[in-house]
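Last residue of the sequence shown: 269 in UniProt numbering, with the numbers rising by one and none dropped.
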Amino acid sequence: KSPTLAPVASTDPPSSSPSKAPTPSPVAATDSPTSSPTKSPTLAPIASTDPPSPSPSKAPTPSPVASCVCSPLSYTFTINLNQNCDTDTFIDNPGIGDTVCLVINDDDVDFDTLKVIDVQFLQVDTSGNLIVINQDDTYNNVSLSTGDTLTFDSVSAKLNPDEPLSSQLNYVPGGVLMSLRAKSEGSETIVTNRVSWMYTNSCESVPTSVGDAIGWITLSDQTEASQAFCPVAASATPTLSPTKTVTVTPTTSPVNTIVTDPPTSSPTK
Numbered sequence: 001k002s003p004t005l006a007p008v009a010s011t012d013p014p015s016s017s018p019s020k021a022p023t024p025s026p027v028a029a030t031d032s033p034t035s036s037p038t039k040s041p042t043l044a045p046i047a048s049t050d051p052p053s054p055s056p057s058k059a060p061t062p063s064p065v066a067s068c069v070c071s072p073l074s075y076t077f078t079i080n081l082n083q084n085c086d087t088d089t090f091i092d093n094p095g096i097g098d099t100v101c102l103v104i105n106d107d108d109v110d111f112d113t114l115k116v117i118d119v120q121f122l123q124v125d126t127s128g129n130l131i132v133i134n135q136d137d138t139y140n141n142v143s144l145s146t147g148d149t150l151t152f153d154s155v156s157a158k159l160n161p162d163e164p165l166s167s168q169l170n171y172v173p174g175g176v177l178m179s180l181r182a183k184s185e186g187s188e189t190i191v192t193n194r195v196s197w198m199y200t201n202s203c204e205s206v207p208t209s210v211g212d213a214i215g216w217i218t219l220s221d222q223t224e225a226s227q228a229f230c231p232v233a234a235s236a237t238p239t240l241s242p243t244k245t246v247t248v249t250p251t252t253s254p255v256n257t258i259v260t261d262p263p264t265s266s267p268t269k
């Protein structure tokens, strides 16, 4: 007989069953998910630790701190070439912030025949940037010795008591810079004494007094500040100091930069 073949169980692997290759299970996705808000939060305010942009208090306009002007309305100095930078009594005064004194080229100089040949007087503003607001070159091409005097008017003499000080800061001196140049007889060497003193512009004290000395100069007279701008100033109404001992025909001179070279221009009064 040729019986009908009985179905024999197939031993070949069946075609892929869904159970052998299931569709990816959600649990298989173990990679980091797309950044969630908790993974990349926006920066907290505390992260910004850098200092803020400069405020107006970081770069003030010329000193509103100058609430008073107690420096003199005029100065008279007596020259003393026997002094040097060991002499400085300005620094001891309340109302003085800082002083500087330099003597340049004083080696092998005959001080017995030394003559001052020119003097420059500068006043700077209160900003701390040494901006010149008054320049006086009256004593140019002179011949002065120990005992001779120099007189200068301060820019503060232009202050108007009927106006607030804050609107007149261009007349408020923050300090004085002076340069005295001298030569010995028969020598071409220029010896220079540069001195300066800065004011605090406080209302509590007059910063200078007669007898103060620094380098080659001694303050021998001064006109007190106006009480309108300095409550502690002397009650006497100030008057201008005597006429200068040397007269030079004035021409306009600049007052916007510090001039340390030998002066060539005359004062701006």
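Every residue, glycine too, gets a C-beta built ideally from N, C-alpha and C.
These numbers were taken from a predicted model, which means no experiment stands behind them.
Quiz item: So what does DSSP say about Ser209, is it helix, strand or coil?
Solution: coil
Quiz item: Expressed to the nearest angstrom, what Euclidean distance is found between the alpha-carbon atoms of Pro161 and Ala228?
Solution: 6 Å
Exercise. Please state if the CB of Asn84 and the CB of Val109 are separated by a distance shorter than 8 Å.
Key: no
Quiz item: Touching or not, the stretch 203-214 and the stretch 120-138, by the rule of three or more beta carbon pairs under 8 Å?
Solution: no
Quiz item: I think Asn201 touches Val172, with their Cβ atoms under 8 Å apart; what is that distance to the nearest whole Å?
Solution: 7 Å
Self-check item: Rounded straight-line distance, which links the Cα of Met198 to that of Leu81
Solution: 23 Å
Self-check item: Glu224 burial status per 10 Å Cβ neighbour count (16 or more: buried)
Solution: buried
Quiz item: According to DSSP, is Ile46 helix, strand or coil?
Solution: With a pLDDT of only 44 at Ile46, under the threshold of 50, the placement of this residue in the model should not be trusted; the figure read from the coordinates follows. Ile46: helix per DSSP, three-state reduction.
Practice problem: Note down the Cα distance separating Ser67 from Arg181, rounded to an integer number of angstroms. | Solution: 35 Å
Quiz prompt | 3-residue-minimum beta strand (DSSP E) runs that sit fully inside the stretch 126-210, ordered along the chain | solution = 132-136, 140-144, 149-153, 175-183, 191-199
Quiz item: How would you label Asn134, buried or exposed, when you count the other beta carbons within 10 angstroms and need 16 or more for buried?
Solution: buried
Quiz item: Can you name, in chain order, every residue of its own chain whose Cβ lies under 8 Å from the Cβ of Asn93, other than the five neighbours on each side?
Solution: Ser205, Pro207, Thr208, Ser209, Asp212
Practice problem: Rank Val119, Asn105, Asp106, Val124 by C-alpha distance to the C-alpha of Leu169 and give the top, closest one. | Solution: Val124
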